[in-house]
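Peer 1: The following block contains the structure, expressed as structure tokens.
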Amino acid sequence: MTNTATRLITLIFLLQNQPNQKASELAEKLGVSQRTVHRYFEMLEEMGVPVYSERGPYGGFSLARGYKMPPLVFTLEESVAIALGTGIVEEMWGELYRASARGALAKIETLLPEEQTREVAWARGSLAVTGLNRSDLKALTPILEKLRRAIRENRTVEMKYQGGQTPHPVQRRLDPYALVHRWGWWYVIGFCHVHQEPRTFRADRIHEALLLETNFSRRADFNLQEYLKGEMQAQPHSTARLRFTPEAASVAAGNRSYWATVDVNPDGSVDVTFPAPTLEWAASTALAYGPAAEVIAPPELRLMIAEWLDATSQKYKRGNNESKV
Numbered sequence: 026m027t028n029t030a031t032r033l034i035t036l037i038f039l040l041q042n043q044p045n046q047k048a049s050e051l052a053e054k055l056g057v058s059q060r061t062v063h064r065y066f067e068m069l070e071e072m073g074v075p076v077y078s079e080r081g082p083y084g085g086f087s088l089a090r091g092y093k094m095p096p097l098v099f100t101l102e103e104s105v106a107i108a109l110g111t112g113i114v115e116e117m118w119g120e121l122y123r124a125s126a127r128g129a130l131a132k133i134e135t136l137l138p139e140e141q142t143r144e145v146a147w148a149r150g151s152l153a154v155t156g157l158n159r160s161d162l163k164a165l166t167p168i169l170e171k172l173r174r175a176i177r178e179n180r181t182v183e184m185k186y187q188g189g190q191t192p193h194p195v196q197r198r199l200d201p202y203a204l205v206h207r208w209g210w211w212y213v214i215g216f217c218h219v220h221q222e223p224r225t226f227r228a229d230r231i232h233e234a235l236l237l238e239t240n241f242s243r244r245a246d247f248n249l250q251e252y253l254k255g256e257m258q259a260q261p262h263s264t265a266r267l268r269f270t271p272e273a274a275s276v277a278a279g280n281r282s283y284w285a286t287v288d289v290n291p292d293g294s295v296d297v298t299f300p301a302p303t304l305e306w307a308a309s310t311a312l313a314y315g316p317a318a319e320v321i322a323p324p325e326l327r328l329m330i331a332e333w334l335d336a337t338s339q340k341y342k343r344g345n346n347e348s349k350v
């Protein structure tokens, strides 16, 4: 919504709540000149909002008698949805939008009837979404704020980025297009000057970020939704198969949303499959279930886990021997 549109709506509420206001008073409240206020009156007349004035020391500008802005009415479910939505904004963005989300909800709650206010209070105390961020959001906030600002102002970013497979950070220059929250991580998508094409970077792997004075123009052929769709299809991945013991069948069932397929065997064990972007990622996922699950395929994943477990075992054995000395 533009500043003019916002001020027009504010002007209507000001006149509705307090008739007979001077143009000078309205100008001060809106932060504009008296001339601009008179121009707003003309715009309201053209929109069908009748404004009239009364002369004299007690006169001023008012809405025509009987005119009221249509009430802002929400259903019970809409009120709850708004409350839950602001909670998700707080959870995902932290300090960046926490105050704004709470302020918006507080304003809306003043418009709700008592029954809906009680329902919203119940929802906020009984329905919650948490654990959306896998990284330390407090530590990540400065980077997110810089990226958000760079996207808003179309400014190129100079950054040090350390990928998951690289031992040291590398210098990158990026024209950031969008921030995306996916799989519990924050990503920035933009035009990479090194690769000369749109690329995705995980925000928590950015060590430093500097906003340059250079402005960029977003590529006309870039569509965020199409890019995300294409990136998912193009991303190389393997399919891992795990077998949960009969005793851990409930663990497999409890994580159903993670699995591409689920097969229950005659002995009560459960076979599941899941796609993984890398073998390392698949190995980490499988090991999270400890002895409750065994990797059935692919063979290279079994080998990787065996090597990891052997190396880990050797470290702990050395640690035990050193502690006895």
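No gaps in the numbering here: position 187 of the sequence shown is 212 in my numbering, and each next residue is one more. Just so you know, even glycine gets a beta-carbon here, dropped at the ideal spot from N, CA and C.
1) Three or more C-beta pairs under 8 Å: does that hold for the stretch 143 to 159 against the stretch 174 to 183?
2) Counting beta carbon pairs with one atom in the stretch 182 to 198 and one in the stretch 225 to 236, are three or more of them shorter than 8 Å?
3) Write down every uninterrupted run of the beta strand (DSSP E) in the stretch 89 to 139 whose length is 3 residues or greater and which is fully enclosed by it, in chain order.
4) I'd like to know whether the C-beta atoms of Thr191 and Glu120 end up nearer to each other than 7 Å.
5) For the beta strand (DSSP E) that Leu235 lies in, which residues bound it at each end?
6) For Pro223, which beta-bridge partners are listed by DSSP?
7) Tell me which same chain residues have a C-beta within less than 6 Å of the C-beta of Ala203, skipping the five on either side of it?
8) Where in the stretch 261 to 337 do unbroken runs of the alpha helix (DSSP H), each at least 4 residues long, occur, reported from the N-terminal end onward?
9) Count the C-beta pairs between the stretch 64 to 76 and the stretch 105 to 118 that are closer than 8 Å, then say yes if the count reaches three, no if not.
10) In angstroms with no decimal places, state the Cα-to-Cα distance between Thr50 and Glu116.
11) If distances are taken between C-alpha atoms only, which option among Glu53, Met68, Lys47 comes closest to Gly85?
12) Please state the DSSP three-state secondary structure of His63.
13) Write down the C-beta distance between Leu55 and Val62 rounded to the nearest angstrom, noting that I regard them as a contact closer than 8 Å.
14) Taking only the alpha-carbon atoms, compute the straight-line gap between Val219 and Ala175 and give it to the nearest angstrom.
15) When the distance is taken between beta carbons, is Ala301 closer than 7 Å to Ala265?
16) Please return the same chain residues whose Cβ sits closer than 6 Å to the Cβ of Met26, not counting the five positions on each side in sequence.
17) Give the straight-line distance between the Cα atoms of Val297 and Trp333, rounded to the nearest whole angstrom.
18) Who are Tyr186's beta bridge partners in DSSP?
19) Three-state secondary structure (DSSP) at Arg207?
20) Residues in the same chain with beta-carbon distance under 8 Å from Glu238, minus the five sequence neighbours each way, listed in chain order, please.
21) Can the beta-carbon of Pro271 be found closer than 7 Å to that of Gly255?
22) Grab the span of the beta strand (DSSP E) containing Ser78 for me, first residue to last.
23) How about Ile321 and Arg281: do their beta carbons lie closer than 7 Å?
24) On a Cα-Cα basis, can you pick out the residue from Arg159, Cys217, Trp208 that is closest to Gln196?
25) Within 10 angstroms of its Cβ, does Trp118 collect 16 or more other Cβ (buried), or is it exposed?
26) Going by DSSP, what residue range makes up the alpha helix (DSSP H) through Ser49?
27) What is the C-beta distance between Glu144 and Ser104, in whole angstroms, given that I count them as a contact (C-beta under 8 Å)?
28) Looking at C-alpha atoms only, which residue of Gly81, Ala313, Gln41 is the closest neighbour of Gly91?
29) Would Ala308 pass as a contact of Ile330 if the rule is Cβ separation under 7 Å?
Peer 2: The answer reads as follows:
1) Taking 8 Å as the limit for Cβ pairs, the verdict is that the stretch 174 to 183 does not touch the stretch 143 to 159.
2) Enough Cβ pairs lie closer than 8 Å, so yes.
3) With a minimum length of 3 residues, no continuous beta strand (DSSP E) run stays inside the stretch 89 to 139.
4) For the pair Thr191 and Glu120, the CB atoms are not nearer than the 7 Å cut-off.
5) Start and end: 231 to 240.
6) Assignment of beta-bridge partners to Pro223 by DSSP yields Phe216.
7) Once the five neighbours on either side are set aside, the close Cβ partners of Ala203 are Ile214, Leu249.
8) Correct list: 274 to 279, 304 to 312.
9) Short answer: they don't touch.
10) Note that residue 50 is Glu in the sequence shown, not Thr. Using only the alpha carbons, I get a separation of about 40 Å.
11) Distances from the alpha-carbon of Gly85 to those of Glu53, Met68, Lys47 put Lys47 closest.
12) If DSSP states are grouped into helix, strand and coil, His63 belongs with the helices.
13) Val62 and Leu55 do touch by the CB rule: their CB atoms are close to 7 Å apart, below 8 Å.
14) The alpha-carbon atoms of Val219 and Ala175 are separated by roughly 18 Å.
15) Yes, these two residues count as a Cβ contact at 7 Å.
16) Residue confidence is low: Met26 scores 45 on pLDDT, short of 50, so the model does not pin down where it sits. Its coordinate-derived value is still stated next. If we look at Met26 and ignore the five residues flanking it on each side, it has no Cβ neighbours.
17) When rounded, the distance between both Cα atoms is 22 Å.
18) DSSP, once it has assigned bridges, lists Val195, Ile231 as partnering Tyr186.
19) Arg207 falls in the strand class under three-state DSSP.
20) So the list reads Arg180, once near-sequence residues are dropped.
21) No; because the gap between Cβ atoms is not below 7 Å, this pair is not in contact.
22) That run of the beta strand (DSSP E) goes 76 to 79.
23) When the beta-carbon positions are compared, Ile321 and Arg281 stay at least 7 Å from each other.
24) Minimum Cα-Cα distance from Gln196 among the listed residues Arg159, Cys217, Trp208 corresponds to Cys217.
25) When all chains shown are included, Trp118 counts as buried.
26) Counting along the chain, Ser49 sits inside the alpha helix (DSSP H) bounded by residues 48 to 55.
27) Distance from Glu144 to Ser104 at the Cβ level is roughly 6 Å; contact confirmed, criterion being Cβ atoms closer than 8 Å.
28) Of the candidates Gly81, Ala313, Gln41, Gln41 places its Cα closest to the Cα of Gly91.
29) The answer is yes: Cβ separation under 7 Å.
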